[in-house]
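K.L.:
Pasting a structure below so you can have a look.
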Ligand SMILES: [Zn+2]
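Residue numbers (the working numbering): 296 to 424.
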């Protein structure tokens, strides 16, 4: 069981479940990434529309996270930051970064692209509108 978020490793994966009280404590991969500041996905959101609708866009990203996290304990947003003209969202999971990008594009159109870094262990998503 992860002492930070309470996720339980069972049947080969981390999930939201009640574990035995004496379960060994070990940080889950998502909490390790959060503690280490080591994301698996990074979305960079830019453009006038983003600047004008920042709160709405962040809310949509959080809704995607909430939905994904319910079934997949390791899919989480690490942080939402404003960097110069951009909003940057970092995630513990590549597929979550991709799902947020797709949700933005399907709700608001705009330009979406992905780039997997070498080795395929890190995903950069850019969305602009
Ligand atoms: Zn955890």
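Note that beta-carbon positions come from the ideal geometry of N, C-alpha and C, so glycine has one too.
#1: On the three-state DSSP scale, how would you describe residue 333?
#2: Who are the Cβ neighbours of residue 332 in its own chain at under 8 Å, not counting the five residues just before and after it?
#3: Whole alpha helix (DSSP H) runs in the segment 337-364 with 4 or more residues, listed along the chain?
#4: Can you list, in chain order, the residues of its chain with a C-beta nearer than 8 Å to that of residue 359? Leave out the 5 residues immediately preceding and following it.
#5: So for residue 396, helix, strand or coil by DSSP?
#6: Tell me which same chain residues have a C-beta within less than 8 Å of the C-beta of residue 344, skipping the five on either side of it?
#7: Compare the beta carbon distance of residue 428 and residue 387 with 8 Å and say whether it is the shorter of the two.
#8: Does the Cβ of residue 350 lie closer than 7 Å to at least one heavy atom of ligand 1?
#9: When every heavy atom of ligand 1 is checked, does at least one fall within less than 7 Å of the C-beta of residue 388?
#10: Mind listing, in chain order, the residues whose beta carbon lies closer than 6 Å to a non-hydrogen atom of ligand 1?
#11: Pop quiz: residue 328 and residue 334 are said to be a contact at Cβ under 8 Å. What is the actual Cβ separation, rounded to whole angstroms?
P.N.:
Taking the coordinates as given:
#1: coil
#2: So the list reads 373, once near-sequence residues are dropped.
#3: Listed in chain order, the alpha helix (DSSP H) runs fully inside the segment 337-364 are 343-347, counting runs of at least 4 residues.
#4: So the list reads 391, 394, 395, 398, once near-sequence residues are dropped.
#5: helix
#6: 403, 405, 424
#7: A query on residue 428 cannot be resolved here, the shown segment of the chain reaching from 296 to 424 and no further.
#8: no
#9: no
#10: Chain order is used for the residues whose beta-carbon lies nearer than 6 Å to a heavy atom of ligand 1, namely 297, 299, 300, 302, 322, 323, 325, 326.
#11: 6 Å
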